[in-house]
Amino acid sequence: MSASAPRLLESIQSRQARVGVVGLGYVGLPLAVEFARSGFAVTGIDLDARKIASINDSRSYIPDVASDDVAALVTAGRLKATTDFAVVSELDTVNICVPTPLRKSKDPDMSYIVSAVEAIAERLHPGMLVILESTTYPGTTEEVVQPLLERSGLKAGVDFFLAFSPERVDPGNGTFNTRNVPKVVGGMTPGCSELARALYTAAIDSVVPVSSPRVAEMVKLLENTFRAVNIGLVNEVALMCDKLGIDVWEVVDAAKTKPFGFMPFYPGPGLGGHCIPIDPFYLSWKAKQTGFEPRFIELAGHVNSSMPHAVVDKIADALNVHKKPLNGSHVLIAGITYKPDIDDIRESPALDVMGLLHLKGVRLSYADPFVPALAGTAWPGGYALDAVGLDPATLASIDCVAILTHHRSVDYDSLAAGATLIVDTRNAIKRPHPHVFKLGAPHAAHAEVWQPFARAGEEAA
Ligand SMILES: NC(=O)c1ccc[n+]([C@@H]2O[C@H](COP(=O)([O-])OP(=O)(O)OC[C@H]3O[C@@H](n4cnc5c(N)ncnc54)[C@H](O)[C@@H]3O)[C@@H](O)[C@H]2O)c1
Numbered sequence: 002m003s004a005s006a007p008r009l010l011e012s013i014q015s016r017q018a019r020v021g022v023v024g025l026g027y028v029g030l031p032l033a034v035e036f037a038r039s040g041f042a043v044t045g046i047d048l049d050a051r052k053i054a055s056i057n058d059s060r061s062y063i064p065d066v067a068s069d070d071v072a073a074l075v076t077a078g079r080l081k082a083t084t085d086f087a088v089v090s091e092l093d094t095v096n097i098c099v100p101t102p103l104r105k106s107k108d109p110d111m112s113y114i115v116s117a118v119e120a121i122a123e124r125l126h127p128g129m130l131v132i133l134e135s136t137t138y139p140g141t142t143e144e145v146v147q148p149l150l151e152r153s154g155l156k157a158g159v160d161f162f163l164a165f166s167p168e169r170v171d172p173g174n175g176t177f178n179t180r181n182v183p184k185v186v187g188g189m190t191p192g193c194s195e196l197a198r199a200l201y202t203a204a205i206d207s208v209v210p211v212s213s214p215r216v217a218e219m220v221k222l223l224e225n226t227f228r229a230v231n232i233g234l235v236n237e238v239a240l241m242c243d244k245l246g247i248d249v250w251e252v253v254d255a256a257k258t259k260p261f262g263f264m265p266f267y268p269g270p271g272l273g274g275h276c277i278p279i280d281p282f283y284l285s286w287k288a289k290q291t292g293f294e295p296r297f298i299e300l301a302g303h304v305n306s307s308m309p310h311a312v313v314d315k316i317a318d319a320l321n322v323h324k325k326p327l328n329g330s331h332v333l334i335a336g337i338t339y340k341p342d343i344d345d346i347r348e349s350p351a352l353d354v355m356g357l358l359h360l361k362g363v364r365l366s367y368a369d370p371f372v373p374a375l376a377g378t379a380w381p382g383g384y385a386l387d388a389v390g391l392d393p394a395t396l397a398s399i400d401c402v403a404i405l406t407h408h409r410s411v412d413y414d415s416l417a418a419g420a421t422l423i424v425d426t427r428n429a430i431k432r433p434h435p436h437v438f439k440l441g442a443p444h445a446a447h448a449e450v451w452q453p454f455a456r457a458g459e460e461a462a
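So for the sequence shown, the working numbering puts the first residue at 2; every next one is plus one.
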């Protein structure tokens, strides 16, 4: 280990190290708060001046982080924020939590990482620890981050320390948070690993060291690919069940009673959020560079991205039973965030469903307690919408309600009672109703049409 490592280790263990977090979003802010709570003086850096003002004003803009917690840490002088990277010169450690989106071509967009690392490189100083947390393809830390930082003339593992540690935060999860989810860490050298491990051990209950940044990068992509593939599988099973006249929700609920070898995943209108629809394509892109064709990722992506179309078909079928066409009907989308109980609409499949319905001449409204207004630029329809309530008067004016995300605070029994027609893609309404059509489940009105066809097929065979 280099001469400066023991000094940094000692300052981490004594909480004297000055800790920085670059990118204060869903990942970075909870991490900064956790470091500050564990006794470090933490500086957050973000390009978004509104986020910086909000933190320095003791206001959280991330639902999982309480404003009271931010206020206590800001008042104690343990948390502050700035847009100015000059502060990096005074920091001992920096965690990078900037976005890693895909380009339209489904290639990784590394521009946020590159820009943040270039800004750090200008202020890199001997003895500093840099940890990348953004989800990215295996090799990024060594192939992209290390060369950019070494432009400073300092050498990784010798003059400064470098590691990768994937963030595993699950926004809206009341049980698992930044502190109690084990943190995987892979350093460039054993010395880098030891320092990164010491930093996380101060703030996080359990740290899992792995042999290299590349392994740590791959761990995250395995986790997210596992989810994308299993969601793709259950979505395909849902479409199959629809055709077979079987309720997929009943099937999954019964299958999950097996105490080993099965883990439940649930169908839905498609994948959303900043991780599951995107991260596997980082892996796929990197694998293709080596001539390897990753078939599961592509297939799951194909099934999952077809789900908004399946939902539109289901809405059309349901309206058809009421002798109504899509064109001119008024559909209310209930829940537009990508998953329940959060305010995030990034990559939400609800926006795709709305765009497809808009193209077919559907009049659209939406209700979502977490999203009071939707900008015209946020969805393919291109016009702004304000959220409506799910009150009886509103429901009476709607031809079909499509439940695309099931927030806990919504009373689905009242919704079932007040709406004339519902398409439920989340099994939010548990009891059967003649006017509720479920994704992946038969409906009496369709079964009557379907069964004679099925019997004809059996007789022909
Ligand atoms: N959101 C999740 O559930 C989740 C979970 C695990 C991992 N991740 C990964 O963590 C990373 C961050 O995701 P997020 O959801 O927190 O994103 P986010 O968009 O909520 O936050 C990123 C922040 O980085 C800031 N930023 C962008 N470029 C910057 C720069 N050059 N310098 C300083 N700040 C900059 C943005 O203003 C924003 O505030 C991504 O790689 C993502 O894949 C996200």
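A virtual CB, placed ideally from N, CA and C, is assigned to each residue, including glycine.
Model, not experiment: these values are computed from the prediction.
- Counting C-beta atoms within 10 angstroms of its own C-beta, Arg409 has fewer than 16 neighbours from the protein chains shown and is therefore classed as exposed.
- Short of 6 Å from the beta carbon of Val146, and not among the five residues preceding or following it, lie these beta carbons of its own chain, in chain order: Val118, Leu133.
- A direct Cα-Cα distance of roughly 27 Å separates Arg152 from Glu168.
- Rounded to the nearest angstrom, the Cβ distance from Ile114 to Thr137 is 7 Å, consistent with a contact under 8 Å.
- Bridge pairing for Arg198: absent [DSSP].
- By the neighbour-count criterion, in which 16 or more other beta carbons inside 10 Å mark a residue as buried, Phe263 falls on the exposed side.
- Just measuring C-alpha positions, the residue of Asp206, Val230, Val170, Phe161 sitting nearest Ile298 is Val230.
- Restricting attention to alpha helix (DSSP H) runs no shorter than 4 residues, the region 262-316 encloses them at 280-290, ordered along the chain.
- Residues of the same chain with a CB within less than 7 Å of the CB of Val99, apart from the 5 flanking positions on each side, are Val23, Gly24, Tyr113, Ile114, Ala117, Ser135 in chain order.
- Contact check for Pro278 against Leu284 fails: the beta carbons are separated by 8 Å or more.
- Sequence-distant partners of Phe162 (beyond 5 residues in either direction) whose C-beta falls short of 6 Å from its own C-beta, in its chain, are Leu130, Cys193, Leu196.
- DSSP, reduced to helix, strand and coil, places Ala429 outside both helices and strands of the structure shown, so it counts as coil.
- Between ligand 1 and the CB of Lys52, the shortest heavy atom gap is smaller than 7 Å.
- At the C-beta level, Asp369 and Thr338 come within 8 Å of one another.
- Leu358 and Leu352 do not touch by the CB rule: their CB atoms are close to 11 Å apart, not below 8 Å.
- Per DSSP, Tyr413 lies in no beta strand (DSSP E); the unbroken alpha helix (DSSP H) holding it starts and ends at 413-419.
- Between the alpha carbons of Gly246 and Ala446 lies a distance of about 12 Å.
- The region 399-413 makes contact with the region 324-342; the number of CB pairs closer than 8 Å reaches 3 or more.
- Shortest Cα-Cα distance from Leu234 to any of Ser213, Tyr267, Val211 involves Tyr267.
- Under the three-state reduction of DSSP output, Thr136 falls in the coil class, being neither helix nor strand.
- Residue range 401-404 is occupied by the beta strand (DSSP E) that includes Cys401.
- For His359, the enclosing alpha helix (DSSP H) has its first and last residue at 350-360.
- Across the structure, Gly302 and Thr378 are spaced so that their CA atoms are roughly 24 Å apart.
- With contacts defined as CB atoms closer than 8 Å, Gly21 and Ile53 fail to qualify as a contacting pair.
- Cβ neighbours of Leu222 within its own chain (closer than 8 Å, five residues either side excluded): Thr136, Tyr138, Pro139, Asp280, Pro281, Tyr283, Leu284.
- Judged by the Cβ position, Ala117 qualifies as a neighbour of ligand 1 at the 7 Å threshold, a heavy atom of the ligand being closer than this.
- Inter-segment contact for the region 5-16 and the region 55-73 is absent: fewer than three beta-carbon pairs are separated by less than 8 Å.
- The three-state reading of DSSP puts Ala442 in coil, since its state is none of H, G, I, E or B.
- A direct Cα-Cα distance of roughly 27 Å separates Ala403 from Lys257.
- In the three-state reduction of the DSSP assignment, Ile121 falls in the helix class, which pools H, G and I.
- Asn328 carries a coil assignment under DSSP once its states are collapsed to helix, strand and coil.
- Setting aside the 5 residues that flank it on each side, Leu375 is surrounded in the same chain by Leu386, each with a C-beta closer than 6 Å to its C-beta; the list follows chain order.
- Under DSSP, Lys81 shares a beta bridge with Thr44.
- Within 10 angstroms of the beta-carbon of Asn321 lie fewer than 16 other beta-carbons, which makes it exposed.
- Taking C-beta atoms under 8 Å as the contact rule, Pro270 and Pro210 fail to qualify, at a distance of about 39 Å.
- Separation of Leu200 and Leu125 (C-alpha to C-alpha, rounded to the nearest whole angstrom) is 18 Å.
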